[in-house]
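Asker: In the numbering used here, the protein residues as written are 18 to 276. Glycine residues also receive a C-beta, built at the ideal position from the N, C-alpha and C atoms. The structure is given below, and queries will be raised subsequently.
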Amino acid sequence: WLALPRVDAEHVRATALLTAAWFGLFSLPLFFFSADEPDTGLGLGAAVRAGVTQLRDSLREVRRYKDIARFLIARMLYNDGLTTMFAFGGIYAAGSFGMEPEEILLYGIGLNVTAGLGAAAFAVLDDKLGPKKVIVWSLLGLILPASLMLVVRSKALFWVFGLILGLFVGPAQASSRTWLARMAPEEVRNQMFGLFALSGKLTAFIGPLLVGWLTLASGSQRVGLSSVVLLFLAGLWLLRKVPGTDQDFAKESQAGYKG
Numbered sequence: 018w019l020a021l022p023r024v025d026a027e028h029v030r031a032t033a034l035l036t037a038a039w040f041g042l043f044s045l046p047l048f049f050f051s052a053d054e055p056d057t058g059l060g061l062g063a064a065v066r067a068g069v070t071q072l073r074d075s076l077r078e079v080r081r082y083k084d085i086a087r088f089l090i091a092r093m094l095y096n097d098g099l100t101t102m103f104a105f106g107g108i109y110a111a112g113s114f115g116m117e118p119e120e121i122l123l124y125g126i127g128l129n130v131t132a133g134l135g136a137a138a139f140a141v142l143d144d145k146l147g148p149k150k151v152i153v154w155s156l157l158g159l160i161l162p163a164s165l166m167l168v169v170r171s172k173a174l175f176w177v178f179g180l181i182l183g184l185f186v187g188p189a190q191a192s193s194r195t196w197l198a199r200m201a202p203e204e205v206r207n208q209m210f211g212l213f214a215l216s217g218k219l220t221a222f223i224g225p226l227l228v229g230w231l232t233l234a235s236g237s238q239r240v241g242l243s244s245v246v247l248l249f250l251a252g253l254w255l256l257r258k259v260p261g262t263d264q265d266f267a268k269e270s271q272a273g274y275k276g
């Protein structure tokens, strides 16, 4: 629309400015209308030390809540699978299906649309059946189309399975937050969500590393991207013993979350 020159991919790099403007615009209500905590008066060094101490305490605390620890590890694995899929999906589409940048962009938009639709639809099931079942179904819904996308040769089928896969991306992410909100005791909920966010960042290298190793060893993008499916399967396997209903949460609470 802006008819930017394509020399040095200027039209692509300009999207960073659009993204920055989008973040800035929709951050304004937070800055202007959200109450802030009072100043603690701590200097930078003291604040860093306090943060490190709090992180250490959180890691010590999570050992008491084995089900939460098990869930965080499971979520770390399948979230790494999602992150890797997003990072390498465009590369795979271009390398294995010859898709042009414009088509990859449209493909990404389509995935985001179906992800939003899936999150909205599964929100009702989350309330009725519990977040664990939604996460399990979502992972199964990710594993099947992702596996098919690695073997099909038709671009049309790649589109179809990709859009189906998108339906389960949103629910897997949204219900993970719901599960932790229900499971974590109120007194440590903030700490657990801090670990939830941290675990999704610290291990983000695992998926790309697996993709690189498998691709290098096999000489095939398809084999390399199979690591995404392996991460989904590993996360699904670890979820087996994680409580899934409000009754389970209550039992675990009475037992001190020792299980």
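1) Rounding to the nearest angstrom, what Cα-Cα distance links alanine 86 and methionine 200 in this structure?
2) With a 10 Å radius around its C-beta and 16 neighbouring C-beta atoms as the bar for buried, classify aspartate 143 as buried or exposed.
3) Flag this pair as touching only if the stretch 178-185 and the stretch 215-229 have three or more C-beta atom pairs under 8 angstroms; answer yes or no.
4) Comparing C-alpha positions only, which one of Ser216, Ser164, Leu212 sits nearest to glycine 241?
5) Just reading off the alpha helix (DSSP H) that leucine 59 is part of, what are its end residues?
6) Once you ignore the five residues that flank methionine 93 on each side, which residues in its own chain have a CB closer than 6 angstroms to its CB?
7) Is glycine 98 near phenylalanine 210, with beta carbons less than 7 angstroms apart?
8) Leaving out five residues on either side along the sequence, give the residues of the same chain with a beta carbon under 7 angstroms from the beta carbon of tryptophan 154.
9) Using a threshold of 6 angstroms, is the CB atom of glycine 127 nearer than that to any non-hydrogen atom of the ligand SAM?
10) If you reduce the DSSP assignment to three classes, tell me which class valine 259 lands in.
11) Could you give the distance in angstroms between the alpha-carbon of glycine 276 and the alpha-carbon of tyrosine 82?
12) Would you call the stretch 59-79 in contact with the stretch 166-181, where contact means no fewer than 3 C-beta pairs closer than 8 angstroms?
13) Considering only their Cβ atoms, is the gap separating alanine 110 from methionine 102 smaller than 7 angstroms?
14) Output needed for glycine 127: all residues of its chain with C-beta closer than 8 angstroms, excluding positions within five of it in sequence on either side, in chain order.
15) Does DSSP put alanine 26 in a helix, a strand or coil?
16) Can you give the Cα-Cα distance for threonine 36 and lysine 145, rounded to whole angstroms?
17) For the alpha helix (DSSP H) containing valine 177, list its first residue and its last residue.
18) Buried or exposed: where does glycine 60 fall if 16 or more other Cβ atoms within 10 Å of its Cβ makes it buried?
19) Let me know the secondary structure DSSP gives phenylalanine 103 once reduced to three states.
Answerer: In short, the structure shows the following:
1) Each residue's Cα considered, the two are about 11 angstroms apart.
2) Buried: at least 16 other Cβ atoms inside 10 Å.
3) The stretch 178-185 is not in contact with the stretch 215-229.
4) Closest option to glycine 241, Cα to Cα, is Ser164.
5) Note, leucine 59: premise wrong, no alpha helix (DSSP H); not H, not E.
6) Within the same chain, and ignoring the five residues on either side of methionine 93 in sequence, the residues whose Cβ sits closer than 6 angstroms to its Cβ are Ser216, Thr220.
7) It is not a contact, given that the beta carbons lie outside the stated cut-off.
8) Hits under 7 angstroms: none found.
9) This structure lacks the ligand SAM, and indeed carries no ligand of any kind.
10) DSSP places valine 259 outside both helix and strand once states are collapsed to three, so it counts as coil.
11) Only weak support exists for where glycine 276 lies, its pLDDT of 45 falling under 50; the value from the coordinates is given anyway. Cα atoms of glycine 276 and tyrosine 82: separation of roughly 7 angstroms, rounded to the nearest angstrom.
12) Result no; under three Cβ-Cβ pairs closer than 8 angstroms.
13) In this structure, alanine 110 does not lie closer than 7 angstroms to methionine 102 by Cβ.
14) Take glycine 127, set aside five residues on each side of it, and the residues of its chain with a beta-carbon closer than 8 angstroms to its own are Trp176, Gly179, Leu180, Gly183, in chain order.
15) The three-state secondary structure of alanine 26, taken from DSSP, is helix.
16) Their backbone Cα atoms lie some 36 angstroms apart in a straight line.
17) For valine 177, the enclosing alpha helix (DSSP H) has its first and last residue at 172-200.
18) Exposed: under 16 other Cβ atoms inside 10 Å.
19) DSSP places phenylalanine 103 in helix when its eight states are reduced to three.
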